[in-house]
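Counted from 1, the sequence shown has number 182 at position 182 by this note's numbering; the numbering is strictly sequential.
First comes the structure, then the notes that go with it.
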Amino acid sequence: MAMLARDVRPSSHPLKAARERFGIPERHGIYLYEGRGPRLIPQQTGPSFESTRLLEADSDDDLTRAYGRWCARKSQPGDCLRLLADGPLLASDGKYSLALAIAMDSVWEETTEALEDMANPQALMATVSASITMYLVLWTLPEPVSKGVAAMMTATLIAYLGVDTVWRLMEGWTALVQAVDRATTFEQLHSAGGAYGEVLGENAARVVVMLATAAIGRTAGLAAKAPRLPGSAQAALTVEAQAGYRYAALPGVQSVAMTAEGFTIALAPNALAMANQGMRGGSADRSQNHHLATDKNSISTARGGPWTPRFQRIFKKAGMELKDPENIVPIKGHKGPHPQEYHEMVFRRLNSATARCRSVDECRKLLTQALQQLAKEAATAGSDINKLLTGVQ
Numbered sequence: 001m002a003m004l005a006r007d008v009r010p011s012s013h014p015l016k017a018a019r020e021r022f023g024i025p026e027r028h029g030i031y032l033y034e035g036r037g038p039r040l041i042p043q044q045t046g047p048s049f050e051s052t053r054l055l056e057a058d059s060d061d062d063l064t065r066a067y068g069r070w071c072a073r074k075s076q077p078g079d080c081l082r083l084l085a086d087g088p089l090l091a092s093d094g095k096y097s098l099a100l101a102i103a104m105d106s107v108w109e110e111t112t113e114a115l116e117d118m119a120n121p122q123a124l125m126a127t128v129s130a131s132i133t134m135y136l137v138l139w140t141l142p143e144p145v146s147k148g149v150a151a152m153m154t155a156t157l158i159a160y161l162g163v164d165t166v167w168r169l170m171e172g173w174t175a176l177v178q179a180v181d182r183a184t185t186f187e188q189l190h191s192a193g194g195a196y197g198e199v200l201g202e203n204a205a206r207v208v209v210m211l212a213t214a215a216i217g218r219t220a221g222l223a224a225k226a227p228r229l230p231g232s233a234q235a236a237l238t239v240e241a242q243a244g245y246r247y248a249a250l251p252g253v254q255s256v257a258m259t260a261e262g263f264t265i266a267l268a269p270n271a272l273a274m275a276n277q278g279m280r281g282g283s284a285d286r287s288q289n290h291h292l293a294t295d296k297n298s299i300s301t302a303r304g305g306p307w308t309p310r311f312q313r314i315f316k317k318a319g320m321e322l323k324d325p326e327n328i329v330p331i332k333g334h335k336g337p338h339p340q341e342y343h344e345m346v347f348r349r350l351n352s353a354t355a356r357c358r359s360v361d362e363c364r365k366l367l368t369q370a371l372q373q374l375a376k377e378a379a380t381a382g383s384d385i386n387k388l389l390t391g392v393q
C-alpha cells in the first residue's frame, strides 16, 4: 500500500479533482432516487434550479460541526477529509465521503498507520477517499456506464471480488445515497455509513482502497499495475470462470455498463487476441511443436489424467494460457502420447515454481522461468525429459 501511495499526488481539492478524474458531469436540478435499477433520475432542470446540485442538498451547521468533532476523535482536527474546500458547509458529495469513511473505519485506520511515514498522510487519505466516493457516485447517475479509469477499476474489482459481490456493493452504495440524502443529524449519517460498512466488509474495503490508490497514481495506470498487485494471482485464477474474461485482458477494457440484469463489459476488438500474444515469434525449426504443459488431456484419466485442468490452474495464476508461446517448444523426433512420468514431472516443477507467488506479475515471472528451463531440457537430446518425449531409451 505504501508503495502505491508514493505515486499519488495529494490534492488540495480532492472532491473536485475526483469528479474530473472519473468524468462526473456538472449536476444541476432535482433528481428522483429510483430503487429499481437503482439510479437517480433528473426531474427538473432550468435557471430556477441553478443553485441546486444533484446529491448536494444544503447541510446545516450541526452536521458540519459534527464532522469536525469526528475528525478530532481521529486525532486529525480540522477538515481531515478536505470536504470543505468548496464552501463552509458539508455538501452532499462531502456527506457521502464522510459516510464512506465511517463505513471503512477500521480499514482507514490501518491504512493511515501504513502511511504514517509519508510527508502528508492525511492529505493522501483525503485524496483516496474522495476518489472512491466519486467512483461510487458514478454508478448512481442515469444510465450508469464507466469508462477509462473507472471501467478499469470496475473490471479489476470484479476480478478480485466476483460479480455478485461487486453488484451487492453497488446496490448498498445507492442505499447509502438515499439514507444520507434523508439524514439531518450526524447520528443518521453515521448509521448510513455503518450499514454500508456491514455490506462492504473489511476484505472488500481493502481491495477498493488498494485499487483506487493504484488507479490515481501519477505514473503507470491501473492496467499496468494490476499484474503486480497483491492477490492478483488469485484474481486471475477465478475471473475467467466468474466473469468470462482473462485478467491479462484488463488493459483492453473500454467500458462497463450496469443494467438491471448485471454488468456488461466491453473489450477492445483485439483485446483477447492481444492478451494471448507472447513475446516471442515462431520458430524456424521444422521440428514438431510440443506443449510442455499439455493442452490435450481435459477428460481422459489415462496416464494419470486429466492433466490439462491442473495445468490451466497454474497458468491462470500467471495470467497465461497453455497456448502461449512460453509453453511451446520444437522437439526433434517428438512422439506421443507421453507417459504419466512426463506429466508428473512437468506438473511437479511448475506447481513448485508458482506455489508461493501472490501477484500475477510474480507468478508469470516464476512460471516463465520454469518453462524456459523445461524447454531447454526438453530440446536437449539425451536429457531425461527429452527421452520421455521422443521415446528414446
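For glycine and all other residues, C-beta sits at the position ideal for the given N, C-alpha and C.
I need the boundaries of the beta strand (DSSP E) containing residue i, first residue and last residue.
i	result
VAL329	328-331
VAL145	145-147
Can you tell me which residues form a DSSP beta bridge with residue i?
i	result
VAL253	LEU267
ASN289	PRO330
MET412	Limits of the chain in this structure are 1 at one end and 393 at the other, which puts residue 412 out of reach.
Assuming residue i contacts residue j (C-beta within less than 8 Å), just tell me the rounded distance between them.
i	j	result
VAL166	GLN242	So it is not a contact: roughly 10 Å between Cβ atoms.
LEU189	ALA99	6 Å
GLN288	ILE328	10 Å between Cβ atoms; not a contact.
THR133	ALA205	Contact flag wrong, Cβ pair sits at about 13 Å.
VAL392	LEU374	Not confirmed; about 18 Å, so no contact.
LEU200	MET153	About 15 Å; that fails the 8 Å criterion.
TYR247	ALA159	6 Å
ARG21	VAL149	7 Å
LEU81	LEU157	22 Å between Cβ atoms; not a contact.
LEU161	VAL207	6 Å
Taking Cβ positions, are residue i and residue j nearer each other than 7 Å?
i	j	result
ALA151	VAL253	yes
SER146	ILE216	no
TRP395	LEU136	Because residue 395 is not part of the residues shown, which for the chain are 1 to 393, the question remains open.
LEU84	SER97	no
THR213	LEU15	no
ALA192	VAL209	no
SER232	VAL128	no
ALA155	ILE265	yes
CYS363	LYS317	yes
TYR196	ALA103	yes
ALA293	LEU322	yes
HIS334	LEU389	yes
PRO142	MET258	no
LEU350	ILE314	yes
MET170	TRP139	yes
ALA236	GLY305	no
LEU90	LEU124	no
HIS338	TRP307	no
PRO230	ARG358	yes
Taking residue i as part of the alpha helix (DSSP H), name the residues at either end of that continuous run.
i	result
GLY305	Unbroken run through GLY305: none, as it is neither H nor E.
VAL239	232-243
GLY336	Looking at the DSSP string, GLY336 is not in any alpha helix (DSSP H), and its letter there is neither H nor E.
PRO14	14-21
ALA103	92-103
GLU171	163-182
GLN369	360-378
LYS387	384-390
GLY221	Element bounds for GLY221: n/a, residue is neither H nor E.
THR140	Neither: THR140 is in no alpha helix (DSSP H) and is coded neither H nor E.
ALA214	186-215
THR64	61-73
Applying the criterion that 16 or more other CB atoms from any shown protein chain within 10 Å of the CB defines a buried residue, is residue i buried or exposed?
i	result
ARG36	Interpretation of ARG36 is limited by its pLDDT of 46, a score under 50 that renders its predicted location unreliable; the figure taken from the coordinates is listed afterwards. Under this definition ARG36 is an exposed residue.
ALA114	exposed
ILE299	exposed
VAL239	buried
SER75	exposed
GLN369	exposed
ARG280	Residue confidence for ARG280 is low, a pLDDT of 30 falling below 50, so the modelled location carries little weight and cannot support an answer.
ASP93	buried
SER11	buried
ASP384	exposed
THR184	exposed
LYS376	exposed
ASN120	exposed
ALA224	exposed
ALA249	buried
GLU202	exposed
ALA101	buried
ALA378	buried
Say whether chain B places a C-beta atom closer than 7 Å to the C-beta of residue i.
i	result
THR140	Among the chains of the structure shown, chain B does not appear; only one protein chain is present.
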